[in-house]
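Mapping the sequence shown onto our numbering, position 258 (from 1) lands on 260, and the numbers just tick up by one.
Think of the CB as a built atom: it goes at the ideal place given N, C-alpha and C, for glycine as much as any other residue.
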Amino acid sequence: MEKDRILIAEDETTQRDLLEGFLKKEGFLVEAAANGKEAIEKIGAAFFDIAFLDYKMPELDGLQTLLEIRKNFPDLPVVMMTAYGTVETAVASMKAGALDYLTKPIDLDELLLIIQKVLERSTLIRENRDLKARLQERYAFQNIIYGSLEMEEVMGLIGRVAPSQATVLIRGESGTGKELIADAIHYAGARSGKPFVKVNCAAIPETLLESELFGHERGAFTGAIQKRIGRFEEADGGTLFLDEIGELSPSTQVKLLRILQEKEFQRLGSNLTLKTDVRVIAATHRNLEEAMRKGFFREDLYYRLNVITIHLPPLRERKEDIPLLIDHFLKKYSELNQKKIQDLSKEARTLLLRYPYPGNVRELENLIERAVVLCRGEIINTQDLPFHLKEEKSERQWEASEKSRSLPDSLEEIERDLIVKALHQHQGVQTRAAESLGISERVLRYKIKKHRIRQ
Numbered sequence: 003m004e005k006d007r008i009l010i011a012e013d014e015t016t017q018r019d020l021l022e023g024f025l026k027k028e029g030f031l032v033e034a035a036a037n038g039k040e041a042i043e044k045i046g047a048a049f050f051d052i053a054f055l056d057y058k059m060p061e062l063d064g065l066q067t068l069l070e071i072r073k074n075f076p077d078l079p080v081v082m083m084t085a086y087g088t089v090e091t092a093v094a095s096m097k098a099g100a101l102d103y104l105t106k107p108i109d110l111d112e113l114l115l116i117i118q119k120v121l122e123r124s125t126l127i128r129e130n131r132d133l134k135a136r137l138q139e140r141y142a143f144q145n146i147i148y149g150s151l152e153m154e155e156v157m158g159l160i161g162r163v164a165p166s167q168a169t170v171l172i173r174g175e176s177g178t179g180k181e182l183i184a185d186a187i188h189y190a191g192a193r194s195g196k197p198f199v200k201v202n203c204a205a206i207p208e209t210l211l212e213s214e215l216f217g218h219e220r221g222a223f224t225g226a227i228q229k230r231i232g233r234f235e236e237a238d239g240g241t242l243f244l245d246e247i248g249e250l251s252p253s254t255q256v257k258l259l260r261i262l263q264e265k266e267f268q269r270l271g272s273n274l275t276l277k278t279d280v281r282v283i284a285a286t287h288r289n290l291e292e293a294m295r296k297g298f299f300r301e302d303l304y305y306r307l308n309v310i311t312i313h314l315p316p317l318r319e320r321k322e323d324i325p326l327l328i329d330h331f332l333k334k335y336s337e338l339n340q341k342k343i344q345d346l347s348k349e350a351r352t353l354l355l356r357y358p359y360p361g362n363v364r365e366l367e368n369l370i371e372r373a374v375v376l377c378r379g380e381i382i383n384t385q386d387l388p389f390h391l392k393e394e395k396s397e398r399q400w401e402a403s404e405k406s407r408s409l410p411d412s413l414e415e416i417e418r419d420l421i422v423k424a425l426h427q428h429q430g431v432q433t434r435a436a437e438s439l440g441i442s443e444r445v446l447r448y449k450i451k452k453h454r455i456r457q
């Protein structure tokens, strides 16, 4: 077990040696400093669990040293030691950020008690911080279901982008899950504890959108009977997600560009300039390059938004995700509707696997929710699915799109889908998945590698 590290900053040699020797005998790793300047240098060079500072030291006294530590190492617990045990000294130390203080001559039992309290507190803070980080990460990624290499690349990019402050543009067809990606970026980043405000630019009339984003003063326009705080002001310190950014009017685009460049704006009807610290994540299903060529979207705004671009592939281009999404939504809506639905019939699953999903993941989710609601038993059958999945026209379309594919290619896709489903059903345990598929674990490992399946 790693020993706790303690720093003793004390200008009196006898006292410094006494404390250093005692704490080493108690099993701590101890370093000593003769003054405040030396203490700060040691703290900058190595990690310490606690620092004890003498209140009265030459060059840099204990209080000045404490203030310097708080500026650069805010998480380091500091205890002040003083022969001047007045109320004023204690208050000054605590105001400056000391956790506690000891009066000289030092009572060694009291010293050990304070160390124990400080270490317990630090452990609790660390555990809470780790728990919060795990919960945030879980919240950020729990609804993004995938197994394809395409989505693996997207998730890897999110992991690199989230800790930064860069503006992000999420692009993809409607229903691909752009809002979920925005959630993941915010909750996995440094602003996760701050406001996360979402605005769908296409859902708000153009005449009201500027007020929604920037706020307004009373009397700014007809119907403005009181002052309103805008979404940029509301999101200060956090993240603002602007969905369907391609729908912004030219005048709103100009104001958005100013915020991105200058970090400032004005409410409608006000001359007061307000500052804001907001990370912007934008999303669109539109072709912004074409919109720029036609003069509908500003080129300078495009490049401000397009610092980091995340492209979400349509569901038809990541078909290996479909079995996982089917099972996820089946479980979700069975629980939500208090139904004990076990699975889909082979025919129903085949229809869902072959369908091209023009509405992407959102359409698949709606199909499963509908099927769960209509299902009368424990197995979803084809009669629980909409007619357009079964009609001959759709069948011919699917056959035409797959006509050029050879039999081996089709069998390869079926084999891959079965393996992905088996691994998902058995929580990634390859032994159980192999048993359910009727093959050996060695063969399964070979096929996982062959099909480039990521678990």
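Spatial neighbours of residue i in its chain, beta-carbon cut-off 6 Å, leaving aside the 5 residues before and after
i	result
Phe243	Ala184, Lys200, Ile283
Glu208	Ser251
Gly239	Lys196, Asp279
Glu414	none
Own chain partners of residue i with C-beta closer than 7 Å, once the 5 adjacent residues on each side are dropped
i	result
Glu235	Gly217, Leu276, Thr278
Lys265	Lys277, Thr278, Asp279
Leu259	Arg300, Asp302, Leu303, Arg306
Ile370	Ile328, Phe331, Leu332, Tyr335
Asn339	Val374, Val375
Ala237	Pro197, Val199, Val280
Lys44	Leu9, Glu33, Ala35
Beta-bridge pairing of residue i - partner residues as DSSP gives them
i	result
Arg295	According to DSSP, which records beta bridges pairwise, Arg295 is partnered with nothing at all.
Phe198	Thr241
Glu33	Leu9
Leu276	Phe267
Leu68	Note: Leu68 sits in no beta bridge, so no partner.
His313	Arg173
Asp63	None; Asp63 has no bridge partner.
Arg230	His218
Ile45	The partner list for Ile45 (beta bridge, DSSP) is empty, contrary to what the question assumes.
Ile52	Ile8
Ile381	Asp345
Three-state secondary structure assigned by DSSP to residue i
i	result
Tyr57	coil
Tyr103	strand
Gln268	strand
Leu9	strand
Gly217	strand
Val80	strand
Leu1	Since the first residue shown for the chain is 3 and the last is 457, residue 1 is missing from the structure and cannot be characterised.
Val282	strand
Leu387	coil
Asp302	helix
Asp109	coil
Leu151	helix
Leu346	strand
Phe75	coil
Tyr335	helix
His287	coil
Cα-Cα separation, residue i to residue j
i	j	result
Leu391	Leu182	27 Å
Asp42	Thr105	Residue identity check: residue 42 is Ile in the sequence provided, not Asp. Going from the Cα of Ile42 to the Cα of Thr105 covers about 22 Å.
Ile331	Glu292	The residue asked about is misnamed: residue 331 is Phe in this sequence, not Ile. Straight-line Cα distance between these residues: approximately 36 Å.
Arg300	Glu212	17 Å
Asp111	Glu28	11 Å
Phe75	Val156	35 Å
Leu78	Thr433	48 Å
Ala92	Ala35	22 Å
Glu33	Glu22	7 Å
Ser442	Tyr448	10 Å
Asn202	Leu387	31 Å
Thr178	Arg364	7 Å
Ile343	Lys451	33 Å
Buried versus exposed call for residue i [16 or more other C-beta atoms within 10 Å across all chains shown]
i	result
Asn273	exposed
Pro165	exposed
His188	buried
Asn289	exposed
Pro325	buried
Ala47	exposed
Arg173	buried
Same chain only: Cβ atoms within 8 Å of residue i, ignoring 5 sequence neighbours per side
i	result
Gln66	Gly38
Gln427	Asp329, Ala435, Ser438
Ile160	Ile183, Ala186, Ile187, Ala190, Ile312
Neighbour flag for residue i against chain B, beta carbons, 7 Å
i	result
Leu25	No chain B is part of this structure, which consists of one protein chain only.
Contact test: residue i Cβ vs the ligand FMN heavy atom, cutoff 6 Å
i	result
Gln385	In the structure shown, the ligand FMN is absent, as is every other ligand, since no ligand is present at all.
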